Amino acid sequence: MTSAAFSTIATDGLVQQDGEVNYAYLPAPTVQSHAANLMTLGDGGLGCVWFGGTQEGVADISIYFSSLEKLENGEWADHWSEPLQLSFDSTRSEQNPILFPYGEELWLLYTAQHAGNQDTSEVRRRISRDHGRSFSEAETLFAATEHGGVFVRQPPVVVGENILVPVFRCATVPGEKWVGDADDSALMVSADGGTTWQEQLVPGSIGCVHMNLAPLKDGGLLALYRSRWADSIYSSRSQDAGVTWSEPVPTELPNNNSSIQFTALDDGRLALIYNHSRATAETERRLSLYDEIDDEGLDEAVDGPVAFEPLIGRDPNERKAFWGTPRAPLTVAISEDEGHSWPVRRNLEVGDGYCLSNNSREGLNREFSYPSIHQGEDGALHLAYTYFRQAIKYVRVDPSWVYKGDTE
Numbered sequence: 004m005t006s007a008a009f010s011t012i013a014t015d016g017l018v019q020q021d022g023e024v025n026y027a028y029l030p031a032p033t034v035q036s037h038a039a040n041l042m043t044l045g046d047g048g049l050g051c052v053w054f055g056g057t058q059e060g061v062a063d064i065s066i067y068f069s070s071l072e073k074l075e076n077g078e079w080a081d082h083w084s085e086p087l088q089l090s091f092d093s094t095r096s097e098q099n100p101i102l103f104p105y106g107e108e109l110w111l112l113y114t115a116q117h118a119g120n121q122d123t124s125e126v127r128r129r130i131s132r133d134h135g136r137s138f139s140e141a142e143t144l145f146a147a148t149e150h151g152g153v154f155v156r157q158p159p160v161v162v163g164e165n166i167l168v169p170v171f172r173c174a175t176v177p178g179e180k181w182v183g184d185a186d187d188s189a190l191m192v193s194a195d196g197g198t199t200w201q202e203q204l205v206p207g208s209i210g211c212v213h214m215n216l217a218p219l220k221d222g223g224l225l226a227l228y229r230s231r232w233a234d235s236i237y238s239s240r241s242q243d244a245g246v247t248w249s250e251p252v253p254t255e256l257p258n259n260n261s262s263i264q265f266t267a268l269d270d271g272r273l274a275l276i277y278n279h280s281r282a283t284a285e286t287e288r289r290l291s292l293y294d295e296i297d298d299e300g301l302d303e304a305v306d307g308p309v310a311f312e313p314l315i316g317r318d319p320n321e322r323k324a325f326w327g328t329p330r331a332p333l334t335v336a337i338s339e340d341e342g343h344s345w346p347v348r349r350n351l352e353v354g355d356g357y358c359l360s361n362n363s364r365e366g367l368n369r370e371f372s373y374p375s376i377h378q379g380e381d382g383a384l385h386l387a388y389t390y391f392r393q394a395i396k397y398v399r400v401d402p403s404w405v406y407k408g409d410t411e
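Heads up, the sequence shown is in the numbering used here, so the first residue is 4 and it goes up one at a time.
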């Protein structure tokens, strides 16, 4: 489906229908909205969290939560609830929220960084025992280290007695501002319900971030990664419950240095949502993720295009993170062979995906990005994603919808 211009869309949370697609634009209390994550709540409803404020990296960025009620007759409500603000640190940009059901609890995990500097980030946690109606006070779960900041994006998984939280480490390079060149992935593992944690590094993962886990029918685990090099989605596998991992390798699917998400469906198939796009020799490039940001706020965008250097065959330690590859189209794909191939694909959104600026005040951004995909108890695919950096769009479709169209 091709979306209308943002200016014609009311962010009122109303669920509407377009053929086989149900959709809504969640209420947007801030100028910028980004990085949604969906999860079924303990009361059967659907929760969505994201971050909003003036602009990513600025200290007024906070976490927001909205829910879609499941009615007694089994149908979904026709409106998403008014958003609740769930983080309040006026000194840090609070980003990348996740909802994680654990026993009778609902965990909210999110990051908190100083202005524009991901290498200062820590991961914080709040816990709800009433399905997201109220939360405990925020606590630091994973602190920044001498290596750099700790970031999350993807949901934890429980394997046996262990909680596995995928993280990526935003490395500090002495004398340089963080730009993402040396980021890598790790797992934080707890065997005691989240009281203590051990860090487990993923070998050979420099440039591979946003580690996303799902169980496979053969008992193993598959991880998919965003690539800082904007070349391909990467994958690695574990056959010992996540204790050891193969080194990430490129898949057949492209990546544009933007987030992806996949999930295991009830029947064992895998469903993925991502931008079917990669950097080429002609792609314009931003120098960093952020427009110019200081501790007081933000200035005008200063990042501009620079020459693209070929990445094939280069040592990962010598590569440079590539920012600015268009974040479109937004594509849903299905794998029937445990992630070895993804032949079933359909575009959900198309457009130019312009993202050379994060400026939402002037409506410069036209990306469809940072998607979340979740199969509900109803069997439907529930999707949420950034729409032009100004709203979170929600979509609900049957998995069969993906088989009725493909990418060019």
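Quick reminder that beta carbons are idealized off the backbone N, C-alpha and C, glycines included. Values in this document were obtained by computation on a predicted structure and should not be read as measured data.
Rounded straight-line distance, which links the Cα of residue j to that of residue i
i, j, result
"S235", "L359", "20 Å"
"Y397", "Y28", "6 Å"
"G210", "E321", "11 Å"
"L144", "R128", "6 Å"
"A394", "F138", "24 Å"
"W232", "V252", "13 Å"
"A174", "G56", "25 Å"
"D81", "D133", "22 Å"
"D355", "E85", "31 Å"
"T14", "Y388", "14 Å"
"G119", "E75", "45 Å"
"L314", "N259", "With a pLDDT of only 41 at L314, under the threshold of 50, the placement of this residue in the model should not be trusted; the figure read from the coordinates follows. Cα to Cα, the separation comes out at about 13 Å."
"A274", "T266", "5 Å"
"N25", "S96", "32 Å"
"A62", "A38", "16 Å"
"I337", "V212", "22 Å"
"E140", "S65", "15 Å"
"G50", "P158", "13 Å"
"E312", "A189", "Only weak support is given to the placement of E312: the predicted model assigns it a pLDDT of 42, under 50, and the value that follows is read from those uncertain coordinates. So the two alpha carbons sit approximately 27 Å from each other."
"K73", "E23", "19 Å"
"A244", "V155", "20 Å"
"E339", "G222", "15 Å"
"G16", "L204", "40 Å"
"Y277", "Y228", "11 Å"
"P100", "V246", "25 Å"
"L292", "D401", "34 Å"
Member of the options whose CA lies at the smallest distance from the CA of residue i
i, options, result
"M42", "N165, Q378, Y390", "Q378"
"P177", "R132, G354, D122", "D122"
"S230", "A185, L204, T266", "A185"
"V160", "L102, R128, S139, D269", "L102"
"R349", "D195, V405, P257", "V405"
"L216", "D187, L292, P169", "P169"
"G135", "S208, L333, L109, P158", "L109"
"E78", "E202, L256, R399", "R399"
"N368", "Y357, T254, F325", "Y357"
"I130", "V353, G196, S93", "G196"
"S280", "G271, Q242, G245, W326", "W326"
"S372", "E149, S249, I263", "I263"
"E370", "F91, K323, V353, E380", "V353"
"G45", "A31, L71, T114", "L71"
"N165", "S193, W181, E149", "S193"
"N421", "L167, L111, L290", "This structure leaves residue 421 out entirely; the chain is present only between 4 and 411."
"S249", "L224, E287, D269", "L224"
"R272", "P346, R288, V18, A147", "P346"
"Q242", "L219, P30, E255", "L219"
heavy atom of the ligand SAM below 7 Å from residue i C-beta
i, result
"V347", "Looking for the ligand SAM in the displayed structure turns up nothing, as the structure carries no ligands at all."
Per DSSP, cross-strand counterpart(s) of residue i
i, result
"G152", "C173"
"W79", "K73"
"Y113", "R127"
"H385", "H377, R399"
"D21", "V24"
"E321", "Answer is none; E321 lacks a bridge partner."
"A394", "Y390"
"Y67", "W53, Q88"
"L41", "C51"
"N260", "Beta-bridge pairing links N260 to no other residue."
Buried versus exposed, by CB contacts within 10 Å (16 or more), residue i
i, result
"R392", "buried"
"P329", "buried"
"V335", "buried"
"F68", "buried"
"Y105", "exposed"
"F171", "buried"
"D21", "exposed"
"G1", "This structure leaves residue 1 out entirely; the chain is present only between 4 and 411."
"G163", "exposed"
"F91", "exposed"
"T33", "buried"
Chain B within 8 Å of residue i, Cβ atoms only
i, result
"G151", "In the structure shown, chain B does not exist; there is a single protein chain."
Which ranges does the beta strand (DSSP E) cover as unbroken runs of at least 3 residues, wholly within the stretch 230-256, from first to last along the chain? You should have 235-241.
Mind listing, in chain order, the continuous beta strand (DSSP E) runs of no fewer than 3 residues lying wholly within the stretch 158-221? If we require 3 residues or more, the beta strand (DSSP E) runs fully inside the stretch 158-221 come out as 160-162, 165-174, 187-193, 201-204, 211-218.
In chain order, what are the residue ranges of uninterrupted alpha helix (DSSP H) at least 4 long that sit wholly in the stretch 332-378? Whole alpha helix (DSSP H) segments, 4+ residues: zero.
My parser needs the beta strand (DSSP E) runs of 3 or more residues fully inside the stretch 268-297; what are they? Entirely contained in the stretch 268-297, the beta strand (DSSP E) runs reaching 3 residues are, in chain order, 273-278.
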